[in-house]
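Here's the structure, in structure tokens; my notes come after.
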Amino acid sequence: MSTILKIFAFPAAIFIMCLGILTVLGGHITPGGGFQGGAMVAAGFIFCAVVYGIERSPFQFSHEFMSAMESIGALGYVGLGLCGLLFSGFFLYNLGVDLYGVSQAVSGFFNYPDPTNAGIIPYLNILVGLKVMVGLSAIVITFMEFRGEEVTE
Amino acid sequence: MFAGPIIFGFILGFILGSRIRDDIFPPSSYLVVILALIIVAWNLGPFPYYTDLPVATGFVAAAAGIMAGRILLGR
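Chains as they are written, first to last, in our numbering: chain Z, 17 to 169; chain F, 235 to 309.
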């Protein structure tokens, strides 16, 4: 890629990633959410991977890192759901808001500290954002590292 | 201040910043990026109902997390 792109891409990727994180964090009150924000963060990574090449990209997502993030996202989501099942009897019950008044003892623990009183919804957005970020990045890494196989007859 | 977006913005940014393996850009370029990020956060403004600060706190926290991750765990 050209020198101009190489100077521009990495700082622009930082901006894109910050906007993606902002989209994840605002998922409960503004348009967006975990999937959209995670896709934006992955777009920042993909931008660098395309411009610099996957080996020389400033953002290096190792296999262990992607495996850990994917696991945290999936297990955290299921864990929050199971907490709802444990304390209220309903899977993914919003313990922080507690509309039915069945889990007042743990309501404060699961509430997201912001003025909208959204309960566990922001936590679900964050976990989905992690999972989508790694998932989309992994697809691109796989495609870019694929060298092709010689056809033998 | 509302702690939610600040804490989780910083954590998500730190995760990304820790994956930076950069040998192209000098530290001074990061300073310029930080200044530009703060200006962008000011122009973005806070979320609805967030009346604590006049900037997008999640954006600033993410930027701070990326820089902290780059300094502490990046190369």
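From the three backbone atoms N, C-alpha and C, an ideal C-beta is built for every residue, glycine too.
Given the structure is predicted, the values throughout are model-derived calculations rather than measurements.
When the options are compared against residue i, the one with the closest alpha-carbon
i             : options                       : result
residue 102/Z : 90/Z, 87/Z, 123/Z and 151/Z   : 123/Z
residue 119/Z : 135/Z, 48/Z, 93/Z and 67/Z    : 135/Z
residue 90/Z  : 109/Z, 151/Z, 18/Z and 21/Z   : 151/Z
residue 129/Z : 306/F, 284/F and 309/F        : 284/F
residue 146/Z : 30/Z, 40/Z and 65/Z           : 40/Z
residue 255/F : 48/Z, 141/Z and 61/Z          : 61/Z
residue 304/F : 239/F, 236/F, 265/F and 237/F : 265/F
residue 64/Z  : 54/Z, 28/Z, 51/Z and 42/Z     : 28/Z
residue 30/Z  : 235/F, 269/F, 279/F and 286/F : 269/F
residue 53/Z  : 35/Z, 26/Z and 67/Z           : 35/Z
residue 156/Z : 32/Z, 73/Z, 24/Z and 20/Z     : 73/Z
residue 57/Z  : 293/F, 237/F, 308/F and 238/F : 293/F
residue 241/F : 38/Z, 69/Z and 160/Z          : 38/Z
residue 237/F : 161/Z, 127/Z and 162/Z        : 127/Z
residue 281/F : 69/Z, 47/Z and 66/Z           : 47/Z
Contact set between residue i and chain F, taken where Cβ atoms lie within less than 7 Å
i             : result
residue 41/Z  : 239, 242, 243 and 292
residue 114/Z : Those do not exist, as residue 114/Z stays about 18 Å from chain F at its closest Cβ, beyond 7 Å.
residue 76/Z  : 253 and 255
Under 9 Å between C-beta atoms of residue i and residue j
i             : j             : result
residue 289/F : residue 298/F : no
residue 243/F : residue 295/F : yes
residue 45/Z  : residue 132/Z : yes
residue 93/Z  : residue 144/Z : yes
residue 107/Z : residue 97/Z  : yes
residue 86/Z  : residue 154/Z : yes
residue 250/F : residue 75/Z  : yes
Backbone secondary structure at residue i - three-state DSSP
i             : result
residue 45/Z  : coil
residue 51/Z  : helix
residue 254/F : strand
residue 75/Z  : strand
residue 94/Z  : helix
residue 101/Z : helix
residue 284/F : coil
residue 290/F : coil
residue 163/Z : coil
residue 37/Z  : helix
residue 128/Z : coil
residue 153/Z : helix
residue 112/Z : coil
Proximal residues of chain F, C-beta to C-beta of residue i below 8 Å
i            : result
residue 99/Z : Going along chain F, no residue has its Cβ under 8 Å from residue 99/Z, so there is no contact; the nearest lies around 18 Å.
Contact list for residue i against chain Z, beta-carbon separation under 8 Å
i             : result
residue 300/F : 30, 33 and 34
Status (buried if at least 16 other CB within 10 Å, exposed otherwise) for residue i
i             : result
residue 111/Z : buried
residue 109/Z : buried
residue 279/F : exposed
residue 271/F : buried
residue 114/Z : buried
Per-residue contacts from residue i into chain F (C-beta, under 9 Å)
i             : result
residue 120/Z : Those do not exist, as residue 120/Z stays about 21 Å from chain F at its closest Cβ, beyond 9 Å.
Beta-carbon neighbours of residue i, restricted to chain Z and to distances below 7 Å
i             : result
residue 288/F : What residue 288/F touches in chain Z: nothing, since even the nearest Cβ is about 15 Å away.
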